[in-house]
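Residue numbers (the working numbering): 1 to 199.
Report on one structure; see the data block that follows.
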Amino acid sequence: MANLLKIRWADANVRTFGKRIHLLNERFPKVLPRIVNQVGNRAKTQVIRNLTKQTGLPRKTIVKAVGDPTKASRGRLSYDMVTRGGNIRLKYLGPKEVDGGVWANAFGKKTFYPGAFMTGGQWPNRREVSKWNGHVMVRAGSGWGGRSDGSRGKKVTYARSGVVIPVEMTSGATKAAFNRIAGPLLRQRVEAALDKLAP
1 MANLLKIRWA DANVRTFGKR IHLLNERFPK VLPRIVNQVG NRAKTQVIRN
51 LTKQTGLPRK TIVKAVGDPT KASRGRLSYD MVTRGGNIRL KYLGPKEVDG
101 GVWANAFGKK TFYPGAFMTG GQWPNRREVS KWNGHVMVRA GSGWGGRSDG
151 SRGKKVTYAR SGVVIPVEMT SGATKAAFNR IAGPLLRQRV EAALDKLAP
């Protein structure tokens, strides 16, 4: 799965500023790409900050997931942030096993996953299982706990959080922060450049 956040100097803005945009591009071809990239970098900082809170994942994980954007250049006035990824395993969200399930920092808050477990054996003498390598597990068959028919299966699989970085990046507070920064700041800086260089 991949989602995209994009800043683009769109046709509507070209119509608004008319010939001044073309004049600016002809005389100073590096100016608009530089502005788009500056605004894009500001927006990326906000995306990383909000996405860290929104997902509950460590900042370094989000920085890696967002990666390096495709930046604006001559003839290409867009700044693209693309992230990929699937349903995050609970191991990466600070899990803690309790009787009946596991608590984890998913979606920026403490979230309970009933039936999930990190250790084996009977309570209260449960022990770590080295081959799981710190992962949270569930009985194979449904969701994050138990089989769909209610029975207990012997097979186990990784417990998933429901947190999907591409979905979170293009929704909620993260998307709102991107839109709040990108559009208005881009227009403000382009207008300033036009007033100075192509009045």
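Ideal Cβ placement from N, Cα and C applies to all residues, glycine included.
Rounded Cβ spacing between residue i and residue j (contact assumed at less than 8 angstroms)
i, j, result
"N41", "R160", "With 8 angstroms as the limit, N41 and R160 do not qualify as a contact, their Cβ atoms being about 32 angstroms apart."
"I48", "V190", "In fact, because the Cβ distance is near 24 angstroms, the residues do not count as touching under 8 angstroms."
"G120", "V138", "Not confirmed; about 13 angstroms, so no contact."
"A43", "I181", "5 angstroms"
"Q54", "E168", "5 angstroms"
"F17", "L194", "6 angstroms"
"Y158", "R89", "5 angstroms"
"I62", "T70", "That belief does not hold up - the Cβ atoms of I62 and T70 are roughly 18 angstroms apart, past 8 angstroms."
"V156", "A173", "Wrong, their Cβ atoms sit about 34 angstroms apart, outside the cutoff."
Coil, strand or helix - residue i by DSSP
i, result
"S78", "strand"
"V190", "helix"
"P184", "helix"
"K196", "helix"
"T170", "coil"
"K109", "coil"
"K64", "helix"
"K71", "coil"
"K91", "helix"
"W103", "strand"
"K175", "helix"
"R59", "helix"
"K96", "strand"
"F17", "helix"
Short Cβ contact (7 angstroms threshold) for residue i with residue j
i, j, result
"A177", "N37", "no"
"L197", "L24", "yes"
"M118", "V136", "yes"
"G56", "G101", "no"
"V163", "A104", "no"
"A65", "G85", "yes"
Does the segment 70-84 come close enough to the segment 92-105 that 3 or more CB-CB pairs lie under 8 angstroms?
Judged by Cβ distances under 8 angstroms, the segment 92-105 makes no contact with the segment 70-84, as fewer than three pairs qualify.
Output the residue ranges of the alpha helix (DSSP H) runs that lie fully inside the segment 21-55 and measure 4 residues or longer, sorted by chain position.
Complete alpha helix (DSSP H) runs here, min 4: 31-55.
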